[in-house]
Amino acid sequence: MENVSAVTSFILTAYTELEDHKYLYFTCFLLVYILILLANSVLIMVIFIDRTLHEPMYLFVCNLAMNELYGSTSLLPSILGHLLSRNYEISLTFCLLQIFCIHLYGSVEFTILALMSYDRYVAICRPLHYHLLMSPRKVGILISMCWIYPCIVFGLYFMLTVQLTFCGRIIEKVYCINFALIKLSCFQTSIQSIVGFFVTILMIIPLLLVILFSYAQILRICIFSSKDSQTKALQTCSPHILAVISYAVAGFFEVAQSRLRMSHIPHKARIFFSIYALIVTPIFNPVVYGICLHNIRGQIYKLFSGKRIH
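Just so you know, we're using my numbering here: the sequence shown kicks off at 300 and counts up by one.
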(Lines of atoms letter the chains of each structure in order from A and count residues from 1; the text may use other names and numbers.)
(Lines give C-alpha, C1' and ligand atoms only; values in the text may rest on other atoms or scores of the structure.)
Protein backbone atom coordinates (compact mmCIF):
# COMPACT_ATOMS: atom_id res chain seq x y z
CA MET A 1 0.00 0.00 0.00
CA GLU A 2 2.93 2.36 0.58
CA ASN A 3 4.01 1.99 -3.05
CA VAL A 4 0.44 2.54 -4.24
CA SER A 5 0.14 5.88 -2.45
CA ALA A 6 3.64 7.06 -3.45
CA VAL A 7 2.54 8.99 -6.58
CA THR A 8 2.01 12.57 -5.43
CA SER A 9 2.94 14.45 -8.61
CA PHE A 10 2.30 14.16 -12.34
CA ILE A 11 4.05 15.07 -15.59
CA LEU A 12 2.16 17.24 -18.09
CA THR A 13 3.72 15.85 -21.26
CA ALA A 14 1.90 18.15 -23.72
CA TYR A 15 4.42 20.90 -22.91
CA THR A 16 7.13 18.96 -24.74
CA GLU A 17 5.29 19.79 -27.98
CA LEU A 18 5.75 23.51 -27.28
CA GLU A 19 9.47 23.45 -26.54
CA ASP A 20 10.54 24.40 -30.08
CA HIS A 21 9.12 27.93 -29.78
CA LYS A 22 8.26 28.11 -26.11
CA TYR A 23 9.15 31.81 -25.72
CA LEU A 24 6.88 32.67 -28.63
CA TYR A 25 4.08 30.65 -27.04
CA PHE A 26 4.79 32.31 -23.70
CA THR A 27 4.43 35.75 -25.29
CA CYS A 28 1.19 34.77 -27.04
CA PHE A 29 -0.36 33.32 -23.88
CA LEU A 30 0.73 36.35 -21.87
CA LEU A 31 -0.86 38.74 -24.38
CA VAL A 32 -4.04 36.64 -24.43
CA TYR A 33 -4.20 36.69 -20.63
CA ILE A 34 -3.69 40.46 -20.50
CA LEU A 35 -6.41 40.93 -23.13
CA ILE A 36 -8.79 38.71 -21.14
CA LEU A 37 -8.12 40.70 -17.97
CA LEU A 38 -8.63 44.04 -19.72
CA ALA A 39 -11.74 43.12 -21.74
CA ASN A 40 -13.62 41.54 -18.86
CA SER A 41 -12.51 44.13 -16.30
CA VAL A 42 -13.75 46.96 -18.52
CA LEU A 43 -17.09 45.21 -18.95
CA ILE A 44 -17.47 44.68 -15.19
CA MET A 45 -16.40 48.26 -14.39
CA VAL A 46 -18.82 49.83 -16.87
CA ILE A 47 -21.77 47.80 -15.59
CA PHE A 48 -20.82 48.51 -11.98
CA ILE A 49 -20.44 52.28 -12.46
CA ASP A 50 -23.43 52.96 -14.72
CA ARG A 51 -26.66 52.68 -12.72
CA THR A 52 -28.75 52.39 -15.89
CA LEU A 53 -27.05 49.04 -16.48
CA HIS A 54 -28.13 47.64 -13.11
CA GLU A 55 -30.73 45.50 -14.89
CA PRO A 56 -30.95 41.68 -14.77
CA MET A 57 -29.53 41.15 -18.26
CA TYR A 58 -26.45 43.28 -17.57
CA LEU A 59 -25.95 41.80 -14.10
CA PHE A 60 -25.85 38.34 -15.70
CA VAL A 61 -23.34 39.67 -18.26
CA CYS A 62 -21.26 41.03 -15.37
CA ASN A 63 -21.26 37.62 -13.68
CA LEU A 64 -20.29 35.97 -16.96
CA ALA A 65 -17.31 38.34 -17.20
CA MET A 66 -16.33 37.56 -13.60
CA ASN A 67 -16.42 33.85 -14.41
CA GLU A 68 -14.20 34.45 -17.47
CA LEU A 69 -11.62 36.13 -15.23
CA TYR A 70 -11.82 33.28 -12.74
CA GLY A 71 -11.57 30.55 -15.39
CA SER A 72 -8.64 32.01 -17.31
CA THR A 73 -6.77 32.72 -14.06
CA SER A 74 -7.15 29.08 -13.04
CA LEU A 75 -5.18 28.03 -16.13
CA LEU A 76 -3.07 30.67 -17.86
CA PRO A 77 -0.67 31.61 -15.01
CA SER A 78 0.08 27.89 -14.66
CA ILE A 79 0.79 27.58 -18.39
CA LEU A 80 3.04 30.65 -18.31
CA GLY A 81 4.99 29.23 -15.37
CA HIS A 82 5.53 25.85 -17.01
CA LEU A 83 6.61 27.43 -20.31
CA LEU A 84 9.34 29.41 -18.55
CA SER A 85 10.72 26.29 -16.89
CA ARG A 86 11.73 22.87 -18.11
CA ASN A 87 9.90 21.28 -15.21
CA TYR A 88 6.49 20.07 -16.37
CA GLU A 89 5.68 18.41 -13.06
CA ILE A 90 2.58 19.32 -11.07
CA SER A 91 1.84 18.24 -7.50
CA LEU A 92 -1.24 16.21 -6.66
CA THR A 93 -2.61 19.04 -4.49
CA PHE A 94 -2.25 21.66 -7.19
CA CYS A 95 -3.57 19.23 -9.81
CA LEU A 96 -6.73 18.64 -7.76
CA LEU A 97 -7.14 22.38 -7.18
CA GLN A 98 -6.82 23.04 -10.91
CA ILE A 99 -9.37 20.32 -11.70
CA PHE A 100 -11.91 21.80 -9.30
CA CYS A 101 -11.41 25.37 -10.56
CA ILE A 102 -11.57 24.53 -14.27
CA HIS A 103 -14.58 22.23 -13.99
CA LEU A 104 -16.38 24.74 -11.79
CA TYR A 105 -15.68 27.45 -14.37
CA GLY A 106 -17.29 25.39 -17.14
CA SER A 107 -20.30 24.51 -14.98
CA VAL A 108 -20.87 28.10 -13.84
CA GLU A 109 -20.53 29.32 -17.43
CA PHE A 110 -23.30 27.01 -18.66
CA THR A 111 -25.53 27.87 -15.68
CA ILE A 112 -25.22 31.60 -16.32
CA LEU A 113 -25.94 31.13 -20.04
CA ALA A 114 -29.08 29.13 -19.17
CA LEU A 115 -30.34 31.83 -16.81
CA MET A 116 -29.58 34.52 -19.39
CA SER A 117 -31.75 32.66 -21.91
CA TYR A 118 -34.57 32.53 -19.32
CA ASP A 119 -34.15 36.28 -18.75
CA ARG A 120 -34.52 36.94 -22.50
CA TYR A 121 -37.58 34.66 -22.62
CA VAL A 122 -39.29 36.63 -19.84
CA ALA A 123 -38.33 39.99 -21.39
CA ILE A 124 -39.65 39.10 -24.86
CA CYS A 125 -42.52 36.69 -24.16
CA ARG A 126 -43.82 38.06 -20.86
CA PRO A 127 -42.81 41.74 -20.81
CA LEU A 128 -45.69 42.86 -18.54
CA HIS A 129 -44.53 40.45 -15.82
CA TYR A 130 -40.80 41.04 -16.32
CA HIS A 131 -40.17 43.21 -13.25
CA LEU A 132 -42.19 40.82 -11.10
CA LEU A 133 -40.48 37.64 -12.34
CA MET A 134 -37.03 39.25 -12.42
CA SER A 135 -37.19 41.39 -9.28
CA PRO A 136 -33.89 42.40 -7.63
CA ARG A 137 -34.41 39.78 -4.91
CA LYS A 138 -35.06 36.97 -7.42
CA VAL A 139 -32.13 38.05 -9.57
CA GLY A 140 -29.89 37.97 -6.51
CA ILE A 141 -31.05 34.43 -5.75
CA LEU A 142 -30.51 33.33 -9.36
CA ILE A 143 -27.00 34.81 -9.46
CA SER A 144 -26.14 33.06 -6.19
CA MET A 145 -27.45 29.77 -7.56
CA CYS A 146 -25.26 30.22 -10.66
CA TRP A 147 -22.29 29.59 -8.38
CA ILE A 148 -23.77 27.47 -5.57
CA TYR A 149 -25.51 24.80 -7.69
CA PRO A 150 -22.43 23.86 -9.80
CA CYS A 151 -20.21 23.99 -6.72
CA ILE A 152 -22.42 21.51 -4.85
CA VAL A 153 -23.06 19.15 -7.77
CA PHE A 154 -19.46 18.93 -8.98
CA GLY A 155 -18.08 19.18 -5.43
CA LEU A 156 -19.86 15.99 -4.37
CA TYR A 157 -18.42 14.13 -7.37
CA PHE A 158 -15.00 15.70 -6.85
CA MET A 159 -14.84 14.18 -3.36
CA LEU A 160 -14.62 10.74 -4.99
CA THR A 161 -11.59 11.85 -7.01
CA VAL A 162 -9.86 13.27 -3.94
CA GLN A 163 -10.11 9.89 -2.19
CA LEU A 164 -8.34 7.99 -5.00
CA THR A 165 -4.71 6.89 -5.00
CA PHE A 166 -2.71 6.99 -8.23
CA CYS A 167 -0.12 4.78 -9.85
CA GLY A 168 0.42 6.54 -13.19
CA ARG A 169 2.16 9.90 -13.55
CA ILE A 170 1.66 10.89 -17.21
CA ILE A 171 -1.09 13.38 -18.17
CA GLU A 172 -1.02 14.17 -21.89
CA LYS A 173 -2.29 17.73 -21.48
CA VAL A 174 -1.06 21.15 -20.42
CA TYR A 175 -3.34 21.09 -17.38
CA CYS A 176 -5.07 18.59 -15.10
CA ILE A 177 -8.54 17.36 -15.94
CA ASN A 178 -10.69 14.99 -13.92
CA PHE A 179 -11.15 12.35 -16.64
CA ALA A 180 -7.39 12.11 -17.29
CA LEU A 181 -6.54 11.92 -13.57
CA ILE A 182 -9.08 9.18 -12.81
CA LYS A 183 -7.52 7.00 -15.53
CA LEU A 184 -4.28 7.02 -13.49
CA SER A 185 -5.96 5.50 -10.45
CA CYS A 186 -4.51 2.29 -9.00
CA PHE A 187 -7.95 0.74 -8.59
CA GLN A 188 -11.21 0.26 -10.47
CA THR A 189 -13.08 3.51 -11.04
CA SER A 190 -16.48 2.15 -12.08
CA ILE A 191 -18.19 4.03 -9.22
CA GLN A 192 -16.60 7.30 -10.34
CA SER A 193 -17.76 6.64 -13.90
CA ILE A 194 -21.35 5.99 -12.84
CA VAL A 195 -21.49 8.99 -10.51
CA GLY A 196 -19.79 11.12 -13.17
CA PHE A 197 -22.48 10.17 -15.66
CA PHE A 198 -25.25 11.25 -13.29
CA VAL A 199 -23.42 14.47 -12.41
CA THR A 200 -23.13 15.25 -16.12
CA ILE A 201 -26.86 14.64 -16.53
CA LEU A 202 -27.66 16.92 -13.57
CA MET A 203 -25.42 19.69 -14.92
CA ILE A 204 -26.36 19.54 -18.60
CA ILE A 205 -29.94 18.33 -19.12
CA PRO A 206 -31.89 20.81 -16.91
CA LEU A 207 -29.88 23.78 -18.17
CA LEU A 208 -30.08 22.66 -21.79
CA LEU A 209 -33.86 22.32 -21.47
CA VAL A 210 -34.07 25.87 -20.10
CA ILE A 211 -32.13 27.20 -23.13
CA LEU A 212 -34.15 25.18 -25.67
CA PHE A 213 -37.48 26.08 -24.06
CA SER A 214 -36.61 29.77 -23.83
CA TYR A 215 -35.57 30.10 -27.46
CA ALA A 216 -38.44 27.94 -28.70
CA GLN A 217 -40.85 30.38 -27.02
CA ILE A 218 -38.94 33.41 -28.30
CA LEU A 219 -39.04 32.01 -31.83
CA ARG A 220 -42.77 31.32 -31.52
CA ILE A 221 -43.44 34.90 -30.45
CA CYS A 222 -41.19 36.38 -33.14
CA ILE A 223 -42.93 34.48 -35.95
CA PHE A 224 -46.16 36.33 -35.23
CA SER A 225 -44.58 39.69 -34.41
CA SER A 226 -43.83 42.73 -36.54
CA LYS A 227 -40.54 43.22 -38.35
CA ASP A 228 -39.54 45.88 -35.83
CA SER A 229 -40.17 43.53 -32.90
CA GLN A 230 -38.25 40.75 -34.63
CA THR A 231 -35.28 43.07 -35.16
CA LYS A 232 -35.27 44.14 -31.49
CA ALA A 233 -35.47 40.51 -30.36
CA LEU A 234 -32.59 39.56 -32.64
CA GLN A 235 -30.46 42.45 -31.36
CA THR A 236 -30.98 41.54 -27.72
CA CYS A 237 -30.59 37.77 -28.22
CA SER A 238 -27.75 37.63 -30.77
CA PRO A 239 -24.84 38.07 -28.31
CA HIS A 240 -26.27 35.37 -26.06
CA ILE A 241 -26.79 32.99 -28.99
CA LEU A 242 -23.19 33.56 -30.07
CA ALA A 243 -21.99 32.92 -26.50
CA VAL A 244 -23.97 29.65 -26.36
CA ILE A 245 -22.51 28.57 -29.72
CA SER A 246 -18.99 29.35 -28.49
CA TYR A 247 -19.63 27.29 -25.35
CA ALA A 248 -21.01 24.41 -27.43
CA VAL A 249 -17.88 24.45 -29.63
CA ALA A 250 -15.68 24.37 -26.52
CA GLY A 251 -17.73 21.49 -25.11
CA PHE A 252 -17.47 19.55 -28.36
CA PHE A 253 -13.68 19.96 -28.39
CA GLU A 254 -13.41 18.72 -24.80
CA VAL A 255 -15.66 15.69 -25.36
CA ALA A 256 -13.77 14.83 -28.54
CA GLN A 257 -10.44 15.06 -26.70
CA SER A 258 -11.61 12.85 -23.84
CA ARG A 259 -13.69 10.22 -25.63
CA LEU A 260 -12.44 9.93 -29.22
CA ARG A 261 -9.16 8.89 -30.79
CA MET A 262 -7.34 12.05 -31.83
CA SER A 263 -3.99 10.56 -32.93
CA HIS A 264 -4.53 11.74 -36.52
CA ILE A 265 -4.72 15.38 -35.39
CA PRO A 266 -1.43 17.29 -34.81
CA HIS A 267 -0.41 17.65 -31.16
CA LYS A 268 -0.45 21.44 -31.21
CA ALA A 269 -3.96 21.47 -32.64
CA ARG A 270 -5.06 19.14 -29.85
CA ILE A 271 -3.50 21.46 -27.27
CA PHE A 272 -5.42 24.40 -28.75
CA PHE A 273 -8.69 22.45 -28.74
CA SER A 274 -8.17 21.47 -25.10
CA ILE A 275 -7.71 25.08 -23.92
CA TYR A 276 -10.19 26.71 -26.33
CA ALA A 277 -12.78 27.26 -23.58
CA LEU A 278 -10.23 29.02 -21.37
CA ILE A 279 -8.52 31.29 -23.90
CA VAL A 280 -11.01 31.96 -26.73
CA THR A 281 -14.33 32.13 -24.85
CA PRO A 282 -13.06 34.61 -22.18
CA ILE A 283 -12.08 37.01 -25.00
CA PHE A 284 -14.98 36.27 -27.33
CA ASN A 285 -17.80 36.87 -24.83
CA PRO A 286 -16.87 40.37 -23.55
CA VAL A 287 -16.10 41.51 -27.10
CA VAL A 288 -19.46 40.24 -28.38
CA TYR A 289 -21.45 41.80 -25.52
CA GLY A 290 -19.46 45.02 -25.71
CA ILE A 291 -20.17 45.37 -29.44
CA CYS A 292 -23.71 43.98 -29.77
CA LEU A 293 -25.38 45.62 -26.75
CA HIS A 294 -25.55 49.30 -27.62
CA ASN A 295 -26.00 50.42 -23.98
CA ILE A 296 -22.74 48.78 -22.98
CA ARG A 297 -21.03 49.88 -26.21
CA GLY A 298 -22.02 53.48 -25.54
CA GLN A 299 -20.72 53.44 -21.98
CA ILE A 300 -17.43 51.84 -23.04
CA TYR A 301 -17.03 54.62 -25.63
CA LYS A 302 -17.63 57.23 -22.92
CA LEU A 303 -15.09 55.53 -20.66
CA PHE A 304 -12.31 55.63 -23.26
CA SER A 305 -13.23 59.07 -24.61
CA GLY A 306 -12.90 60.56 -21.15
CA LYS A 307 -16.59 61.37 -20.73
CA ARG A 308 -18.26 60.82 -17.38
CA ILE A 309 -20.30 57.65 -16.91
CA HIS A 310 -23.50 58.14 -14.91
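Glycine included, each C-beta is placed from N, C-alpha and C at the ideal position.
- With contact defined as three or more Cβ pairs closer than 8 Å, the segment 343 to 362 and the segment 596 to 603 are in contact.
- When the Cα atoms are used, Lys531 and Pro505 turn out to be separated by approximately 28 Å.
- Burial check for Pro565: the Cβ neighbour count within 10 Å stays below 16, so the residue is exposed.
- Under the Cβ criterion (8 Å, minimum of three pairs), the segment 548 to 558 does not count as touching the segment 520 to 538.
- In the three-state DSSP reduction, Ile578 falls in the helix class (H, G or I).
- Leu395 and Ile476 have their C-alpha atoms spaced approximately 8 Å apart.
- Within the same chain, and ignoring the five residues on either side of Thr410 in sequence, the residues whose Cβ sits closer than 7 Å to its Cβ are Cys445, Tyr448, Pro449, Leu506.
- In the DSSP secondary-structure assignment, Ser390 is bridged to Ser308.
- Out of Lys526, Ser545, Met502, Ile469, the CA that lies nearest to the CA of Leu311 is found in Ile469.
- At a Cβ-Cβ threshold of 9 Å, Ile578 and Lys472 do not count as neighbours.
- Every beta strand (DSSP E) of 3 residues or more that sits fully in the segment 350 to 424 is shown, in chain order, as 388 to 390.
- Take Ala364, set aside five residues on each side of it, and the residues of its chain with a beta-carbon closer than 6 Å to its own are Asn339, Leu342, Ile343, Pro585, in chain order.
- Rounded to whole angstroms, the separation of the alpha carbons of Cys485 and Cys591 is 50 Å.
- Counting the other CB atoms within 10 Å of its CB gives Met415 a total of 16 or more, which places it among the buried residues.
- Here the segment 370 to 387 makes contact with the segment 319 to 337; the two share three or more CB pairs at distances below 8 Å.
- Put simply, of Leu463, Ile423, Lys437 the residue whose alpha carbon is nearest the alpha carbon of Leu358 is Lys437.
- Checking the DSSP bridge columns, you'll see Ser484 partnered with Phe465.
- Non-local beta-carbon contacts of Tyr588 in its own chain, meaning distances under 7 Å to residues more than five positions away in sequence, involve Leu342, Val360, Pro538, Ile595 in chain order.
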